[in-house]
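In what follows, a structure is listed as C-alpha cells, so that the remarks can point back to it.
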Amino acid sequence: MSKPLLVIGNKNYSSWSLRAWLMLKHAGVDFDEMRIPLFVAGYKEKLFACSPAGKVPVYREGGLLVWDTLAIGEYLYEIYPSLWPAQREARARARSVSAEMHSGFVPLRTAMPMNVRARGRKVATSTALEADIARIKTIWRELREQYGAVGPWLFGPYSIADAMYAPVVFRFLTYGVGEPGAVDEYMQTVSRDPLVQAWVRAAESEQEVVAASEVGV
Ligand SMILES: N[C@@H](CCC(=O)N[C@@H](CS)C(=O)NCC(=O)O)C(=O)O
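Going by our numbering, the sequence shown opens with residue 59, and the numbers climb by one from there.
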C-alpha cells in the first residue's frame, strides 16, 4: 500500500503547509510530500487537481482526502491522540488558541507574511498589527506560565497548538519581534526543533521568489 501523501506549497512561504507538515511529523506518520510552487503560471490547476478547495495543504490517505489544516489535525488526532493535550480542559484551551490562529490574526498575516529565510525586515506598524502581536505574546506567556513545568511546548508536550503557531515564530524572527522571557524562550524551543530546522534547510534551498510575500526593508 502506498504511503499517505501531503501536498504542500513552497516551504519558504506556505505557512499552512508548514503547520500540517509539523503535525504529521510530530505524530510520526511516514508520508510522502508533493510540493507545488505557488503563484506561478499553472499552479492553480495543479492545486485543483489535488484538492477540491484548490489550496494547500491537502492530505491523501488511500481514497481519503482531507483538506484544511485544522481538519487534517483533527483527523490525525483520532489516530494519534497525543496531538491534543490529554486533559479535557487543556484540550479545549488548545483548540481555542488554535482556532483563534486559524480564523484570526489577519492584520499580522497580511503585514508579515511568512518568509522563512528572510531576516532583518521592518514593516510599517499599525494599531491592528500591534494588537495581534500583543495578543499572541499573551497567549504564549500565559500558557508557558501554566504548563512550563510539564514541558517546553505551549501545553507542555507538543500539540497541534504548537504547529499552529510555528509560522508566527518565523514571522517574529523575520520582522524582528520578540520579548525577553517566556516569549523568546518559546521561540527558541520552536527554532531548535529538529523538524523545524529540516523545514528551514529545505526552504533555504528553494529558488522561487514570491514577490507579494517579500515585504519589508
Ligand atoms: N484555511 C486553509 C488555508 C489554506 C491556504 O490559504 N493555503 C495557501 C498557502 S499557505 C494556498 O493554498 N494559497 C494558494 C491560493 O490561494 O491560490 C487551511 O487552513 O489549510
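Heads up, the beta-carbon is just placed ideally off N, CA and C, and yes, glycines get one too.
Bounding residues of the beta strand (DSSP E) (the contiguous stretch that carries E91)
D90 to R93
| said: If distances are taken between C-alpha atoms only, which option among A99, I130 and V98 comes closest to S109? | reply: I130
### Task
Please check the pair V155 and I197, which I expect to be a contact at CB under 8 Å, by giving their CB distance rounded to whole angstroms.
Contact flag correct, Cβ pair sits at about 5 Å.
Minimum C-alpha distance to V254 - residue among V65, M59 and N70 = N70
Beta-carbon contacts of D90 that lie in its chain and below 8 Å, excluding the five residues immediately before and after: S60, K61, P62, L63 and L64
request  = Determine the burial state of T183: buried for a count of at least 16 other Cβ atoms within 10 Å of its Cβ, exposed for fewer.
outcome  = exposed
Along the chain, where does the alpha helix (DSSP H) that runs through W198 open and close? T185 to Y205
Range covered by the beta strand (DSSP E) that runs through Y117
V116 to E119
- Query: Bridge partners of G214, per DSSP?
  - Reply: W211
Looking at W257 and ligand 1, is the gap between the Cβ and the nearest heavy atom below 8 Å? It does not: the Cβ of W257 is nowhere closer than 8 Å to a heavy atom of ligand 1.
TODO: Could you spell out where the alpha helix (DSSP H) holding W257 opens and where it closes?
DONE: P252 to S263
When burial is assigned at 16 or more other CB atoms within 10 Å of the CB, is T185 buried or exposed? T185 is exposed by the Cβ-count criterion.
Supposed contact pair I137 and R93 - C-beta distance, whole angstroms, cut 8 Å: No, R93 and I137 are not in contact; Cβ-Cβ is about 24 Å, not under 8 Å.
Legend entry - Proximal residues to E119 (C-beta, below 7 Å), its chain only, five neighbours per side dropped: P62
> If you run the structure through DSSP and keep just helix, strand and coil, what is L63?
Replying inline: Assignment of L63 by DSSP, reduced to helix, strand and coil, places it in the strand class.
Hey, which unbroken runs of the beta strand (DSSP E) at 3 residues or more fall wholly within the region 106–190?
116–119 and 122–125
Would you please state the rounded distance, in angstroms, between the beta carbons of G162 and G234? I believe it to be under 8 Å. About 22 Å separates the two Cβ atoms, so there is no contact after all.
T127 Cβ short of 8 Å to ligand 1 heavy atom set: yes
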